[in-house]
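Protein chains in written order, with this note's numbering: chain Y, 1 to 333; chain B, 334 to 883.
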């Protein structure tokens with residue numbers, strides 16, 4: 001039997017200070033960087049035009065830039081994409097977006113015209129065009145934020161129903177921490193916030209929540225069988241018991257992401273980076289953050305006498321929502 | 334449940350999955366080289382590829398309210414949807430998507446199309462066809478002083494009028510059209526006398542325009558066309574126009590226009606007939622006119638058209654499409670019945686084909702505006718599929734390696750469950766007619782890693798049970814039972830986020846959410862039913878083995 005981290009008895013909770021310092025060290029620079037650089041939003045959110053153009057011969061970027069700015073499109077962002085023959089042209093400044101009021105496609109058409117004038121008709125192929133009107137952009141921005149909040153809200157409600165509100169709150173706070181850290185990571189890596197990346201963040205939310213649920217599920221079970229230990233020991237034991245699973249799931253998921261990072265191409269890669277970091281930080285917070293948080297919450301809002309207690313006194317059979325679940329999985333027999 | 338029944342259920346699930354994924358005949362509309370399109374049957378796996386994998390175009394359209402608001406927007410968008418759908422169906426793309434999103438947006442997806450500008454024009458062109466008589470009463474000349482006054486009061490044109498370049502071009506204009514104006518006959522002489530009187534003035538508008546001699550037709554130097562357009566679009570000028578008349582500009586690059594000049598027309602506001610009576614329109618290459626679109630009207634329209642043209646013999650009739658006059662208005666020589674044609678003034682045959690198509694499909698009830706447009710070239714799609722496949726294979730290899738190395742025989746059983754998982758996920762996607770997109774592919778690859786999570790939960794439990802000294806059978810039962818609550822909770826929390834992604838995402842992100850949801854369902858069945866059955870079979874075969882390779 002090959003086993004990692006078997007029967008560990010690590011006191012994770014007492015290391016909360018180290019964890020907290022690490023986090024502050026990681027997140028603080030982001031807070032300083034945020035007003036300086038800010039996030040990079042994709043054209044889906046800002047509105048604007050993106051064109052990926054493949055040239056037969058690698059053009060001078062300065063050439064393309066001057067041709068475009070002579071044609072009334074100054075300040076367009078131009079970068080190579082993969083090979084020097086492929087350029088990505090982004091027109092997402094406010095002035096460019098304003099030019100799209102009459103129809104999202106106008107700027108794209110103008111860029112094509114300018115390029116064919118400067119480089120000749122058959123010298124390039126447009127591989128991809130994305131043009132988003134200002135209205136759609138602001139709509140998406142709002143939707144993304146709403147989606148994130150609803151995701152939190154719904155999970156909190158579900159966890160409160162399945163466990164109880166203290167667990168739910170601790171899981172949501174720990175996940176929130178993961179999101180903040182992931183955003184900081186994106187700031188450092190200068191990863192553009194696109195719809196796809198928002199999808200990655202929401203997946204991190206799901207995954208991280210998932211991870212906390214497994215640990216708390218064990219806590220709940222241990223609470224039921226063990227009435228003597230202190231909550232602190234109990235939490236420590238639960239984290240240790242679920243540690244192999246936590247680490248194994250994290251590593252296999254990372255292995256899948258490694259495949260995406262290697263083969264995913266330029267479109268998938270930012271998404272894979274965000275997920276990879278999110279899963280690492282999610283695993284970290286399941287171990288070091290979620291349980292101390294739960295302990296903190298239990299101390300702050302400790303249970304009243306008679307109410308199900310986590311402090312290990314003998315209890316009256318508590319109104320455990322999990323009692324409602326079927327003893328046997330349907331169809332398991 | 335007996336092992337027999339379990340195995341039967343699993344076999345049935347596999348059979349359904351294979352059936353759902355089995356290549357089948359699909360009817361696809363294919364456009365042939367001659368421009369016609371026929372339904373063709375091809376055989377393929379029923380998994381639809383999204384635009385980012387097949388290459389193609391995505392458009393979002395909304396009502397353009399720049400020129401006045403629309404009263405009943407929802408009704409208007411419904412009617413527009415019908416027109417757009419007809420046009421797209423006739424365009425001959427295989428498996429297009431035309432649908433309403435929310436209450437005020439139309440989404441059009443055209444797989445395999447990458448001629449962006451053409452497709453956009455086809456979709457958003459209003460295609461409102463009108464036949465209007467040109468003005469015979471020289472109403473514009475008579476109201477020019479008033480228009481000039483209006484413009485002067487607005488402070489317009491003082492600079493333009495004194496520019497010397499304008500006078501030069503106006504002289505050229507004079508020469509050009511005095512020689513030309515012999516054509517319409519004796520009315521021209523009277524025209525010139527009267528117009529000289531008015532146009533001699535240095536008014537903002539009158540200094541820029543010149544009658545060509547044809548009734549209702551005026552020429553403007555090319556470089557002044559934008560100024561004149563702007564003048565006519567001013568509300569104050571609109572109000573001062575002669576009643577019952579409208580100003581319409583000629584099409585760009587019209588062969589009828591003299592080089593260096595553009596034309597505009599003053600027309601009777603009431604059309605003698607509109608495109609609603611049109612039953613058919615076909616592109617034709619005429620030996621003299623070049624490419625034309627010939628059209629046919631229905632009987633009712635034909636009667637009306639005949640009666641109207643009868644009354645206007647000898648007059649000029651402008652063919653106005655989307656408020657642009659097409660070609661030079663022809664003179665009506667006799668009553669016209671149900672047939673007519675629109676000259677394309679030297680434009681390519683494809684333009685004639687597209688015009689015929691939009692005329693057949695009917696006019697849009699409102700003006701539409703493109704609010705979002707994405708085009709992905711076919712080569713990018715091929716790259717994406719290749720990348721997705723490579724990533725998927727590597728991911729599977731890594732996961733299989735981890736499972737078998739770490740859990741040995743039990744890991745092997747989990748890998749069998751994983752195979753079921755992959756098959757079932759794809760089958761669910763095919764069954765729900767979901768579209769496989771690049772993010773969907775990424776979601777699928779990602780979920781391969783996450784799908785084994787349930788197995789980890791179960792196997793670690795079994796190990797604990799074995800550690801506690803239970804027999805193999807009891808340890809397996811205990812492992813599955815105790816992992817159950819955690820498995821359900823993890824699946825539900827992930828499903829919640831996936832559902833939200835689906836609800837709020839558009840296109841690509843939805844593809845990701847759908848793949849994730851399908852994967853969750855498949856992984857639940859795989860982990861708690863398929864893998865458990867495999868364990869039960871193994872227990873039976875090994876006659877209650879004393880040790881388990883886990």
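Don't be surprised by glycine CBs; every beta carbon is placed ideally from N, CA and C.
Note that the structure is a prediction, hence the values are computed from the model and not measured.
Candidates the options: which alpha carbon is nearest residue i's?
i	options	result
residue 611/B	442/B, 428/B and 462/B	462/B
residue 278/Y	205/Y, 263/Y, 234/Y and 229/Y	205/Y
residue 438/B	653/B, 396/B, 455/B and 353/B	396/B
residue 637/B	739/B, 579/B, 604/B and 582/B	604/B
residue 579/B	778/B, 466/B and 674/B	466/B
residue 261/Y	418/B, 728/B and 446/B	728/B
residue 609/B	697/B, 680/B and 403/B	697/B
residue 714/B	730/B, 680/B, 771/B and 568/B	771/B
residue 719/B	882/B, 386/B, 348/B and 340/B	386/B
residue 822/B	268/Y, 224/Y and 212/Y	212/Y
residue 147/Y	879/B, 859/B and 832/B	832/B
residue 571/B	804/B, 754/B, 473/B and 351/B	473/B
residue 837/B	28/Y, 82/Y, 55/Y and 144/Y	144/Y
residue 265/Y	774/B, 773/B, 709/B and 717/B	717/B
residue 673/B	643/B, 635/B and 446/B	635/B
Answer with buried or exposed for residue i, where buried requires no fewer than 16 other C-beta atoms within 10 angstroms of its C-beta.
i	result
residue 601/B	buried
residue 210/Y	buried
residue 2/Y	exposed
residue 597/B	buried
residue 875/B	exposed
residue 551/B	buried
residue 766/B	exposed
residue 98/Y	exposed
residue 353/B	buried
residue 824/B	buried
residue 486/B	exposed
residue 153/Y	exposed
If we cut at 7 Å on Cβ distances, does residue i have a partner in chain B?
i	result
residue 143/Y	yes
residue 84/Y	no
residue 9/Y	no
residue 73/Y	no
residue 256/Y	yes
residue 122/Y	no
residue 266/Y	no
residue 12/Y	no
residue 186/Y	no
residue 290/Y	no
Using a Cβ-Cβ distance cut-off of 7 Å, determine whether residue i contacts chain Y.
i	result
residue 758/B	no
residue 337/B	no
residue 479/B	no
residue 783/B	yes
residue 739/B	yes
residue 872/B	no
residue 706/B	yes
residue 829/B	yes
residue 709/B	yes
residue 853/B	no
residue 655/B	no
If you measure from the CB of residue i, is any heavy atom of the ligand NAP nearer than 6 Å?
i	result
residue 187/Y	In terms of ligand content, the structure shown is empty, and the ligand NAP therefore cannot be addressed.
For residue i, decide whether its Cβ has a neighbour in chain D, counting only Cβ atoms nearer than 7 Å.
i	result
residue 822/B	Any reference to chain D falls outside this structure, whose protein chains are Y and B.
(message) Please give the ranges of any beta strand (DSSP E) in the region 70 to 127 of chain Y, keeping only runs that are unbroken, at least 3 residues long and fully inside the region.
(response) Restricted to the region 70 to 127 of chain Y, the beta strand (DSSP E) segments that are unbroken, complete and at least 3 residues in length are 77 to 81 and 83 to 91, listed in chain order.
(request) Using a Cβ-Cβ cut-off of less than 7 Å, give me the residues of the region 764 to 781 of chain B that come near chain Y, in sequence order. (result) Of all residues in the region 764 to 781 of chain B, the ones placed with a Cβ closer than 7 Å to any Cβ belonging to chain Y are 771, 772, 775, 778, 779 and 781, in chain order.
(request) Give, in chain order, every unbroken run of the alpha helix (DSSP H) that is at least 4 residues long and sits entirely within the region 533 to 595 of chain B. (result) The qualifying runs are 558 to 566 and 568 to 573.
(message) Ignoring anything shorter than 4 residues, give me the alpha helix (DSSP H) runs that lie fully in the region 698 to 779 of chain B, in order along the chain.
(response) The qualifying runs are 711 to 764.
(message) If the cut-off is 7 Å on Cβ atoms, which residues from the region 693 to 704 of chain B count as contacting chain Y, listed in chain order?
(response) 702, 703 and 704: these are the residues of the region 693 to 704 of chain B whose beta carbon lies less than 7 Å from some beta carbon of chain Y, given in chain order.
(request) Scan the region 794 to 872 of chain B and note each continuous alpha helix (DSSP H) run of 4 residues or more that stays entirely inside, going in chain order. (result) Whole alpha helix (DSSP H) segments, 4+ residues: 805 to 837 and 840 to 858.
(request) Could you name the residues of the region 441 to 456 of chain B whose beta carbon sits closer than 7 Å to any beta carbon of chain Y, in the order they occur along the chain? (result) Look at the region 441 to 456 of chain B: the residues with a C-beta under 7 Å from a C-beta of chain Y are 449, 450 and 453.
(message) Give me the subset of the region 722 to 734 of chain B whose CB atoms are less than 9 Å from a CB atom of chain Y, sorted by chain position.
(response) Using a CB distance below 9 Å, the part of the region 722 to 734 of chain B facing chain Y consists of 722, 723, 724, 725, 726, 727, 728, 729, 730, 731, 732 and 734, ordered along the chain.
(request) Mind checking the region 33 to 50 of chain Y against chain B and listing, in chain order, the residues whose C-beta falls within less than 7 Å of any C-beta there? (result) Those would be none; no residue qualifies.
(request) Entirely within the region 418 to 461 of chain B and at least 4 residues each: give me those alpha helix (DSSP H) ranges in chain order. (result) If we require 4 residues or more, the alpha helix (DSSP H) runs fully inside the region 418 to 461 of chain B come out as 449 to 457.
(message) Closer than 8 Å between beta carbons: that is the criterion. Which residues of the region 156 to 168 of chain Y meet it against chain B?
(response) Within the region 156 to 168 of chain Y, the residues whose Cβ lies closer than 8 Å to some Cβ of chain B are 158, 159 and 162, listed in chain order.
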